[in-house]
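Sequential numbering from 1188 applies to the sequence shown in the numbering used here.
C-beta: ideal position from N, C-alpha, C; glycine also.
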Amino acid sequence: MQPLANLIRPKILNDFVGQEHLAGKNGYIRKLLAKKALSFPSLVFWGPPGCGKTTLARIIAKQLEVNFKEFSAVSAKKSQLQEIFARQSKDNRQANFLPQTSTRQLADKPFLVFIDEIHRFSKAQQDVLLGPVESGKIILISATTENPSFTVISPLLSRCQTLIFNPLLLTEINTIINRGLKRLNRKITPEAKKLVIQISNGDARIGLNLIEQAACFVTPSKPITQTLIEKIIASTTLRYDKTGEEHYNTISAFIKSMRASNPDAALYYLARMLKAGEDPLFIARRMVIFASEDIGLAQVAAIIIANEVFKACQIIGLPECAINLAHGVAYLALAKKDRSSYDALRAAQEDVDQFGNLPIPLHLRNPVTKLMKNIGYGKDYEMYPDKSKNLLPDRL
1188 MQPLANLIRP KILNDFVGQE HLAGKNGYIR KLLAKKALSF PSLVFWGPPG
1238 CGKTTLARII AKQLEVNFKE FSAVSAKKSQ LQEIFARQSK DNRQANFLPQ
1288 TSTRQLADKP FLVFIDEIHR FSKAQQDVLL GPVESGKIIL ISATTENPSF
1338 TVISPLLSRC QTLIFNPLLL TEINTIINRG LKRLNRKITP EAKKLVIQIS
1388 NGDARIGLNL IEQAACFVTP SKPITQTLIE KIIASTTLRY DKTGEEHYNT
1438 ISAFIKSMRA SNPDAALYYL ARMLKAGEDP LFIARRMVIF ASEDIGLAQV
1488 AAIIIANEVF KACQIIGLPE CAINLAHGVA YLALAKKDRS SYDALRAAQE
1538 DVDQFGNLPI PLHLRNPVTK LMKNIGYGKD YEMYPDKSKN LLPDRL
């Protein structure tokens, strides 16, 4: 039996839920579809899971009435793609010698290839797509949850338009959940539905899977309850890829919240990372860096506190070391900020890059031998000189 998400998947654009900027009345996809297949561009759909990327690709293929082939980058092979493109070229050549039959008409139509999770394709696999996309042999629609700037090769990305998909709104999830309940012939209490929508976190598939599982435990005459949903979810897993963009976005928000002296926001992002399974030592390392980079001389104890939090995480581990992390985060967020030592380091590094190894001033050199002393090494050196005395190479 098909999953509920597939059973209620919309077949036409008017039934599609969400992404108003793309599929709505004045959406970009609607405007593109009005031009039909010959001018339809290759696209990259970038957005979180369960927000309609695959569904919209299938609707586009159906409305354009084109040849359609769908791949998942998890299982697709380079040879499969090459075989499809070679067969298409052969069909087109043969169709040139045929009368206007259905075979000829089918061969003349554009070929739309949909590749889900294209970020899992290697560079070599993505290279195979370049020629067919460039020549117009195929319309490529690819979907990814990762930033395509980092996961799709530049030549392919430059030949496609990137469209951003947003997490579904609460009202949109509600609409989809209602469709699922109707298909299952089940009812749900308001409290249970609210929980399902909240747990979905913008991903319709999560909500549909929850009510599909819950439907197995109740009859049509009894509603799905909050208690039943809570038993099914047991523990919520947040969407968080420790090697993907969500990882970097979250740690960035964490650091910037401490920098803005907002402990509540910093603690929120800390809790999110820990809930999603982030390594506490990774978080603690970032706090040690922050203590010198952003607090520095304003509150010199910050580096000590951050190092002690790091040691506590090493010794204690989760779940208890979350308390130590929270202590450190609150301290760093509330501490005064001073980036002067960090800025000075960056300025010095720029000078090194610009001027290279300039000669050390003679008075700063150590006169190890008599000859060195005779030529001026260490001359007029003062252990605690006036600040105005030049200690830098002359060319600075």
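For the pair GLU1359 and VAL1487, the Cα-to-Cα distance works out to about 50 Å. Between ASN1494 and ILE1503, the CB-CB gap reaches or exceeds 8 Å. In terms of CA proximity to ASP1525, MET1445 leads the group LYS1324, MET1445, THR1332, PHE1255. For ILE1302, the uninterrupted beta strand (DSSP E) segment begins and ends at 1298–1303. Under the DSSP assignment, GLN1348 falls in the beta strand (DSSP E) whose first and last residues are 1348–1351.
Exposed is the label assigned to ASP1451, since fewer than 16 other Cβ atoms lie within 10 Å of its Cβ. In this structure, the beta-carbon distance from ILE1398 to GLY1367 falls below 8 Å. The continuous alpha helix (DSSP H) containing LYS1418 extends over residues 1413–1420.
A direct Cα-Cα distance of roughly 12 Å separates PHE1258 from SER1266.
Burial check for PHE1337: the Cβ neighbour count within 10 Å stays below 16, so the residue is exposed. The C-alpha of LYS1324 lies about 7 Å from the C-alpha of PRO1297.
Looking at the DSSP output, VAL1231 sits in a beta bridge with SER1329, THR1349. Beta-bridge analysis with DSSP links ASN1254 to PHE1298. Annotated as proximal: VAL1516 and LEU1454, with beta-carbon spacing under 8 Å.
Between the beta-carbon of CYS1238 and that of LEU1355 there is about 6 Å, and that keeps the pair under the 8 Å contact cut. Bridge partners of ILE1375 according to DSSP: ILE1411. For ILE1438, the closest C-alpha among the options TYR1215, LEU1532, LEU1468 is that of LEU1468. Contact fails between the segment 1368–1386 and the segment 1201–1220, because fewer than three Cβ pairs, one in each stretch, are under 8 Å apart. In the DSSP assignment, MET1559 falls within the unbroken alpha helix (DSSP H) covering 1557–1561. SER1322: member of the alpha helix (DSSP H) spanning 1310–1322, first to last residue. Between the alpha carbons of ALA1192 and ILE1363 lies a gap of roughly 9 Å. Leaving aside the five residues that flank SER1479 on each side, the residues in its chain whose CB is nearer than 6 Å to its CB run, in chain order, ILE1490. In the three-state DSSP reduction, SER1259 falls in the strand class (E or B).
The beta carbon of ASP1567 lies closer than 8 Å to those of HIS1550 in the same chain, with the five residues before and after it left out.
The alpha carbon of PRO1197 has as its nearest neighbour, out of ALA1244, LEU1382, VAL1339, the alpha carbon of ALA1244.
When C-alpha distances from GLN1501 are compared across PHE1227, ASP1466, HIS1514, the shortest belongs to ASP1466.
By alpha-carbon distance to LEU1415, the top candidate from PRO1580, LYS1380, THR1332 is LYS1380. Around the Cβ of ALA1401, a 10 Å sphere holds 16 or more other Cβ atoms; the residue is buried. Apart from the 5 residues on each side of it in sequence, VAL1320 sits with its Cβ closer than 6 Å to the Cβ of SER1229, LEU1327, ARG1346 in its chain, given in chain order.
Annotated three-state conformation of LYS1218 is helix, per DSSP. Taking 4 residues as the minimum length, the alpha helix (DSSP H) runs contained wholly in the segment 1452–1514 are 1467–1477, 1488–1503, in order along the chain. For LYS1498, the closest C-alpha among the options VAL1475, ILE1305, GLN1312 is that of VAL1475.
ALA1330 is not a Cβ neighbour of THR1242, given a cutoff of 8 Å. An exposed status is given to ASN1553, since fewer than 16 other beta-carbon atoms sit within 10 Å of its beta-carbon. Closest in alpha carbon position to TRP1233, among LEU1268, SER1226, ASN1213, GLU1333, is GLU1333.
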